[in-house]
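Participant: Pasting a structure here, questions to come.
There are 2 protein chains.
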Amino acid sequence: MNSLVEHIKRYISVNRKEEKVIREHLEPLSLKKKTLLLETGQICQAEYFVVKGCLRMYFIKDNGTEQITRFAIENWWMTDYMSLNDCVPSRFCIETIEDTEVLSLDREAKSSLLQEFPQMERYFRIMLQKACGASQQRERYEYGLSREERYHNFIALLPDFAQRIPQYMLASYLGFTPEYLSEIRKKMR
Amino acid sequence: MNSLVEHIKRYISVNRKEEKVIREHLEPLSLKKKTLLLETGQICQAEYFVVKGCLRMYFIKDNGTEQITRFAIENWWMTDYMSLNDCVPSRFCIETIEDTEVLSLDREAKSSLLQEFPQMERYFRIMLQKACGASQQRERYEYGLSREERYHNFIALLPDFAQRIPQYMLASYLGFTPEYLSEIRKKMR
DNA sequence: TTCATTTCTTAAACCAGCTTAAGCACTTCT
DNA sequence: AGAAGTGCTTAAGCTGGTTTAAGAAATGAA
């Protein structure tokens with residue numbers, strides 16, 4: 001819980017009372033590895049702040065395989081924005097990769113939090129601007145680099161994280177097969 | 001200018017005086033086809049709301065060709081968020097595709113607008129949530145569909161817009177060559 | 001209405017990355 | 001300890017999509 005409050009204080013000022021309001025609106029969850037927070041078909045009810053551990057977001061392709069589209073580690077928010085905003089069934093799953101602690105902020109809690117402490121509008125706006133920047137950055141990598149280059153790029157940007165997750169998840173996120181990843185790694189040796 | 005005020009009023013309430021504040025902070029620009037609003041290397045200074053016409057965002061790949069990553073039509077905002085947020089040189093260009101009218105909101109104007117009329121934090125937060133939803137949706141198409149399927153999907157989703165822009169721009173946006181687009185179209189006949 | 005430029009199409013050769021199928025090396029459970 | 005599952009690698013054959021190069025059609029300027 002403290003890590004979120006610290007995070008918010010980086011962007012807006014928060015007094016004692018406001019801090020209490022924040023704490024009251026978030027629900028801490030301790031989750032085992034491979035716990036689903038959101039499943040295809042459900043209407044996404046909350047956004048999640050990762051205190052410790054790691055989440056992945058993925059969807060099921062027509063051929064039945066999983067396609068990972070995002071990871072979230074410490075101090076990142078994750079949710080299905082379209083499902084949450086418009087109350088439509090999600091086409092994504094969100095799952096823990098490791099044992100993970102998150103803070104859950106559900107639809108009503110967010111709306112009430114924003115009413116009681118409107119400066120949070122600013123915090124979320126800034127977070128979302130960062131998220132949009134990251135999306136645009138990622139588009140550059142997706143379209144500007146070959147799959148092999150994307151792999152090397154990812155390792156260079158996030159070497160520790162690349163060690164932390166199974167290779168096949170990395171392959172899925174980067175948009176290719178585990179077999180092809182093996183070939184890339186063989187080339188490097 | 002009216003179209004933006006109308007757009008804002010869909011999400012927050014705006015009185016006479018506040019409406020005036022909004023108007024004072026935005027600069028209307030009338031631009032000819034192929035005008036650059038942002039060029040690689042510049043630090044992005046503003047975000048743009050499209051009143052009439054159409055923008056594209058693209059970057060130059062290592063092989064020298066253009067890769068389009070986004071379009072913006074009437075009632076959409078466009079900017080390079082990373083360059084704007086962090087004052088770093090942009091690696092994108094933003095250009096008009098047709099003769100276009102935009103409202104420009106530069107860094108200082110936005111900050112002053114948010115101070116004078118804090119409810120705008122809410123408007124921008126909601127816009128950004130929608131943008132994030134659209135990004136996630138698009139990721140599903142990128143990774144879940146073949147290039148040919150992506151083409152059919154795009155035509156089905158935005159038939160009018162597909163007519164409005166040159167084919168080669170559509171091919172670039174969808175991540176393939178104009179030659180391949182020609183083949184797909186031939187197949188359909 | 002003519003010329004120049006931009007956009008779109010065709011076709012053949014080519015290649016990055018996929019599929020399939022098998023074997024190996026870990027973990028984790030009983 | 002053994003069985004069962006999970007994750008990683010190898011290799012051969014295949015395919016979706018690219019490249020190159022040329023020409024046809026549309027658009028716009030003069």
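As given, the protein sequences belong to chains A and G, one line each in that order. Letter 103 of the first sequence, counting from 1, is numbered 103 in my numbering, and no numbers are missing. Letter 169 of the second sequence, counting from 1, is numbered 169 in my numbering, and no numbers are missing. Ideal placement from N, C-alpha and C gives every residue a C-beta, glycine not left out. These numbers come from a predicted model, not from an experiment.
Give the range of the alpha helix (DSSP H) segment to which residue 101/G is assigned.
Facilitator: By one-based count along the second sequence, residue 101/G stands at place 101. It is not in any alpha helix (DSSP H) - residue 101/G instead sits in the beta strand (DSSP E) that spans 100-106.
Participant: Report buried or exposed for residue 152/G, applying the criterion of at least 16 other Cβ atoms within 10 angstroms of its Cβ.
Facilitator: Counting from one through the second sequence, the residue named residue 152/G turns up at place 152. So residue 152/G ends up on the exposed side.
Participant: Taking residue 104/G as the query, report the chain A residues whose CB atoms sit under 7 Å from its CB, ordered along the chain.
Facilitator: Against the second sequence, residue 104/G aligns to sequence position 104. Those within 7 Å of residue 104/G in chain A number zero; the least Cβ separation is about 17 Å.
Participant: Applying the criterion that 16 or more other CB atoms from any shown protein chain within 10 Å of the CB defines a buried residue, is residue 174/A buried or exposed?
Facilitator: In the first sequence, the residue the question calls residue 174/A occupies position 174. Taking all protein chains shown into account, residue 174/A has 16 or more neighbouring C-beta atoms within 10 Å of its C-beta and is therefore buried.
Participant: Pick out whichever of 33/G, 10/G, 177/G and 8/G has its Cα sitting closest to the Cα of residue 99/G.
Facilitator: Translated into the one-based positions of the second sequence, residue 99/G becomes position 99. When each option's Cα is compared against that of residue 99/G, the closest is 33/G.
Participant: Out of 3/A, 159/A, 59/A and 77/A, which one is the CA nearest neighbour of residue 138/G?
Facilitator: For the purposes of this step, residue 138/G is taken as residue 138 along the second sequence, with counting starting at 1. If we check each option's Cα against that of residue 138/G, 59/A comes out closest.
Participant: At least one CB of chain A closer than 9 Å to the CB of residue 125/G: is that the case?
Facilitator: Working through the second sequence from its first residue, we reach residue 125/G at position 125. By this cut-off, residue 125/G is an interface position.
Participant: Between residue 94/A and residue 37/A, how many whole angstroms is the CB-CB distance? I'm expecting something under 8 Å.
Facilitator: As a working mapping, residue 94/A is identified with position 94 in the first sequence. As a working mapping, residue 37/A is identified with position 37 in the first sequence. Indeed they touch by this definition, with Cβ atoms about 4 Å apart.
Participant: I'd like to know whether the C-beta of residue 41/A is nearer than 9 Å to at least one C-beta of chain G.
Facilitator: Indexing the first sequence from 1 puts residue 41/A at position 41. Chain G contact via Cβ: absent.
Participant: Determine, for residue 64/G, whether the minimum Cβ-Cβ distance to residues of chain A falls below 9 Å.
Facilitator: For the purposes of this step, residue 64/G is taken as the residue at position 64 of the second sequence. No, residue 64/G lies away from the interface with chain A (no Cβ there is under 9 Å from its Cβ).
Participant: For my contact list, residue 134/G and residue 25/G are in at a C-beta cut-off of 8 Å; report their separation, rounded to the angstrom.
Facilitator: Working through the second sequence from its first residue, we reach residue 134/G at position 134. Working through the second sequence from its first residue, we reach residue 25/G at position 25. Not really, about 25 Å apart at Cβ, beyond 8 Å.
Participant: Can a CB atom of chain G be found closer than 9 Å to the CB of residue 169/A?
Facilitator: Locating residue 169/A in the first sequence gives position 169, counting from the first residue. No, no contact with chain G.
Participant: Have a look at residue 53/G and residue 74/G and give me their C-alpha separation to the nearest angstrom.
Facilitator: On the second sequence, position 53 is the one that residue 53/G refers to. On the second sequence, position 74 is the one that residue 74/G refers to. Spanning the two alpha carbons is a distance of roughly 6 Å.
Participant: Taking Cβ positions, are residue 49/A and residue 102/A nearer each other than 9 Å?
Facilitator: Mapped onto the first sequence, residue 49/A falls at position 49. Mapped onto the first sequence, residue 102/A falls at position 102. Yes; because the gap between Cβ atoms is below 9 Å, this pair is in contact.
Participant: Counting only runs of 4+ residues fully inside the stretch 39-118 of chain G, write out the alpha helix (DSSP H) ranges in chain order.
Facilitator: 81-86 and 107-116
Participant: In the DSSP assignment, the alpha helix (DSSP H) including residue 3/A goes from what residue to what residue?
Facilitator: The residue given as residue 3/A occupies position 3 in the first sequence. Unbroken alpha helix (DSSP H) run through residue 3/A: 2-9.
Participant: Which whole-angstrom value is the C-beta distance of residue 167/G and residue 81/A, which I expect to be below 8 Å?
Facilitator: Start at 1 with the first residue of the second sequence, and residue 167/G comes out as number 167. Start at 1 with the first residue of the first sequence, and residue 81/A comes out as number 81. Not confirmed; about 31 Å, so no contact.
Participant: Tell me, to the nearest whole angstrom, how far the beta carbon of residue 78/G is from that of residue 113/G; I am working on the premise that it is less than 8 Å.
Facilitator: Walking along the second sequence from the start, residue 78/G turns up at place 78. Walking along the second sequence from the start, residue 113/G turns up at place 113. Contact doesn't hold; Cβ gap of about 18 Å is too wide.
Participant: Just the Cα atoms here: how many angstroms apart are residue 43/A and residue 11/G?
Facilitator: Within the first sequence, residue 43/A is the residue found at index 43, counting from 1. Within the second sequence, residue 11/G is the residue found at index 11, counting from 1. Between residue 43/A and residue 11/G, the C-alpha separation is close to 22 Å.
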